[in-house]
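Asker: Below you'll find the structure I mean.
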Amino acid sequence: MCGIVGLFLKNPKLQPQLGRHLSAMLVEMTGRGPDSAGIAVYREPVKDALKLTLFHADDSYDWDGLAKALKKRFGAKPEIAVRASHARLTVKAGADEVQAFLAAEAPDVRVMSAGDTIEIYKEMGLPERVIARFDLRHIEGTHALGHTRMATESAVTTAHSHPFSTGRDLCLVHNGSLSNHNRLRAVLKRDGIAFQTDNDSEVAAGYLASRLRHGRSLTQALEDALADLDGFYTFAIGTRDGFAVLRDPVGCKPAVLAETGDWVAMASEYRAIAMLPGAEAARVWEPVPAKVYAWERAH
Amino acid sequence: MPPAPAAEEFDLATVAIRDLNAALHAVPHGTNRRHFRVTNPRGAHSIAVGLTEPVQVDVMGPTGYYCAGMNKNATIEIHGHAGPGVAENIMSGVVRVRGNASQYAAASGRGGLVIIEGDAATRCGISMKGVDIVVGGSVGAMSAFLAQRGTLVVLGDAGENLGDSLYEARIFVRGKVASLGGDCVAKEMRANHLAKLDRLLKAAGFDADPGSFTRYGSARKLYHFHADQADHY
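Here the protein sequences come in this chain order: A and B.
So the first sequence is residues 1 to 299, counted in this note's numbering.
So the second sequence is residues 1 to 233, counted in this note's numbering.
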């Protein structure tokens with residue numbers, strides 16, 4: 001069992017409260033996932049630069065030292081904003097060259113997300129503890145996904161926690177278990193997808209990244225997933241401008257969607273949605289199995 | 001004769017579910033404490049489960065997993081949507097959902113009447129064993145899977161694999177059926193079926209013509225293994 005929540009704000013006036021509302025939803029899903037928790041939040045897009053969220057197991061890691069090394073290698077000094085074990089890094093360089101640099105010079109540092117908008121914060125422990133540790137209640141943004149994990153098939157570590165980032169500004173959270181992930185991981189590795197863990201959900205994330213690289217739209221990639229992924233799943237997928245929800249054709253894993261004039265929300269259970277302002281007047285429905293639901297912000 | 005006492009109220013903003021259910025279980029037999037209201041349910045689990053007395057419980061909002069589970073004799077009305085497993089294993093009494101119901105509504109129910117005024121999601125009435133279910137909207141895929149006894153009435157449409165591996169439950173659908181499950185077939189609507197359907201629609205409070213429904217039931221071909229089907233495996 002796991003818990004999933006997602007909140008996509010339609011009313012920009014609510015953006016300063018995104019962290020508060022998403023945190024309330026996440027805490028409500030504690031019973032579904034007490035092992036670890038995490039969020040992906042879309043905020044403060046950077047221009048002509050790369051935004052990374054990095055993780056180091058030691059809270060006292062010398063992020064300034066890393067910034068200096070990056071300046072030496074790439075010229076301009078990157079901006080670093082530290083939240084407990086994670087740091088947001090904004091650097092004027094390409095994703096591949098920064099990742100290659102980190103792999104060589106700071107192998108203990110793990111890349112949690114890369115893009116121009118996404119940030120991921122995840123850690124072991126109860127949702128309340130994870131929220132407090134990263135001060136997530138005060139985080140603002142346009143939309144966010146969250147996950148509370150009850151581990152079933154791989155270890156409880158920060159790296160095994162959700163969300164899994166899967167490509168630029170793309171992330172996935174999963175409730176369920178996949179049965180063909182080992183074979184699929186091998187196929188995807190040959191296709192150039194790198195994996196950090198042996199977790200099944202990371203394979204789903206890698207699968208979507210692979211399909212998108214092959215030119216499929218997010219909706220098409222999710223439709224492909226219906227044929228290629230075997231197992232139980234409710235997925236929520238975050239993109240730079242929106243989010244999507246998909247349940248497997250049997251639809252065992254729960255999901256509820258709700259929409260008002262101010263927001264669209266997704267959760268494993270209604271009680272998480274009940275935490276949102278105006279929930280009692282929202283249109284509430286259960287997503288049909290094997291149907292892709294997607295929202296995108298208009299530009 | 002004194003007026004009926006006002007409904008006793010439980011506000012789940014301040015009362016724990018365990019205390020609510022303990023209080024409902026403690027209602028003595030034959031009492032005139034007959035009416036209870038549960039406010040602020042906000043999707044909580046296991047509201048009003050395992051009741052045995054013929055009381056009326058109004059739940060004033062959406063419920064989470066297993067509301068009204070194992071109900072016996074009580075009349076429980078949910079004034080909102082119901083989460084997964086509403087009225088699971090109902091024995092008798094009435095459960096009415098004013099909104100939609102999530103998956104496996106009335107699963108394995110042995111008796112009583114479950115009314116869902118909106119839609120019911122997948123596996124509505126799975127393994128039902130005698131309960132009558134009336135759905136005002138549509139039902140999702142795999143509804144009445146392995147249904148053994150009782151009646152499923154759907155005023156709207158039914159999703160894929162309706163009545164798969166059906167035993168002796170009866171299914172009546174007014175709208176379209178996406179597909180029938182293994183061993184489920186359309187059957188002739190006879191006078192006794194029309195009468196039964198008419199009674200159920202009236203009991204559920206729906207104004208619909210029984211003649212506009214199609215009856216589905218078991219072809220009874222899965223009851224015994226046929227040697228001539230061996231090459232299917």
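Every residue gets a Cβ at the ideal spot worked out from N, C-alpha and C, and that includes glycine.
Computed from a predicted model, the values in this text were never measured in an experiment.
1) Please classify Met124 of chain A: does DSSP put it in a helix, a strand, or coil?
2) Taking Cβ positions only, does Ala158 of chain B come closer than 8 Å to chain A?
3) Just to confirm my understanding: we take Glu153 of chain A, look at its own chain, exclude 5 residues before and 5 after, and list those with CB closer than 7 Å. What are they?
4) Could you name the residues of the same chain whose beta carbon sits closer than 6 Å to that of Ile177 of chain B, not counting the 5 residues immediately before and after it, in chain order?
5) Spatial neighbours of His245 of chain B within its chain, please: CB distance less than 8 Å, with the 5 preceding and 5 following residues excluded, ordered by chain position.
6) If you count every other CB in all the chains shown that lies within 10 Å of the CB of Asp108 of chain A, and 16 or more means buried, which is it?
7) Secondary structure at Thr158 of chain A, three-state DSSP: helix, strand or coil?
8) Return the residue from the list B:Phe213, B:Gly205 and B:Phe225 that minimises the CA-CA distance to Arg98 of chain B.
9) Any contact between the stretch 164-179 of chain A and the stretch 113-126 of chain A? By contact I mean 3 or more CB pairs, one from each, below 8 Å.
10) How many Å lie between Ser127 of chain B and Ala298 of chain A at the Cα?
11) Check the Cβ-Cβ distances between Arg283 of chain A and every residue of chain B, and say whether any is below 8 Å.
12) Rounding to the nearest angstrom, what Cα-Cα distance links Arg149 of chain A and Val264 of chain A in this structure?
13) List, in order along the chain, the chain B residues whose C-beta lies closer than 8 Å to that of Pro127 of chain A?
14) Quick check: Val114 of chain B and Ile90 of chain B, are their CB atoms within less than 8 Å of each other?
15) Say the cut is 7 Å; is the CB of Trp263 of chain A nearer than that to a heavy atom of the ligand SAM?
16) Which of helix, strand or coil does DSSP assign to Gly167 of chain A?
17) Against chain A, does Pro62 of chain B count as a neighbour if the rule is that its beta carbon must be under 8 Å from one of theirs?
18) Just the chain A side, please: which residues come within less than 8 Å of Ala44 of chain B by C-beta, in chain order?
19) Can you tell me which of the three DSSP states Ser165 of chain B falls into?
20) Does Pro45 of chain A get closer than 8 Å to chain B when you measure Cβ to Cβ?
21) Which bits of chain A does Gly136 of chain B rub up against, with CB to CB less than 7 Å?
22) Taking the alpha-carbon of Val135 of chain B as reference, which of B:Gly150, B:Tyr167 and B:Ala101 has the nearest alpha-carbon?
Answerer: So, to answer that:
1) strand
2) no
3) Ser177 and Asp200
4) The sequence as given places Val at residue 177 of chain B; Ile does not occur at that position. If we look at Val177 of chain B and ignore the five residues flanking it on each side, its Cβ neighbours are Ala158 and Leu162.
5) Absent from the structure is residue 245 of chain B, since the part of chain B shown begins at 1 and ends at 233.
6) So Asp108 of chain A ends up on the exposed side.
7) coil
8) B:Gly205
9) yes
10) 46 Å
11) no
12) 23 Å
13) At a C-beta separation below 8 Å, Pro127 of chain A has no neighbours in chain B, since its nearest C-beta there lies roughly 17 Å away.
14) yes
15) What this structure holds is no ligand at all, so the ligand SAM is not there to describe.
16) strand
17) Yes - at least one Cβ of chain A is within 8 Å of the one on Pro62 of chain B.
18) The contacting residues are Arg271.
19) coil
20) Using beta-carbon distances, Pro45 of chain A does not count as an interface residue toward chain B, since no partner is under 8 Å.
21) Chain A residues near Gly136 of chain B: none, gap ~15 Å exceeds 7 Å.
22) B:Ala101
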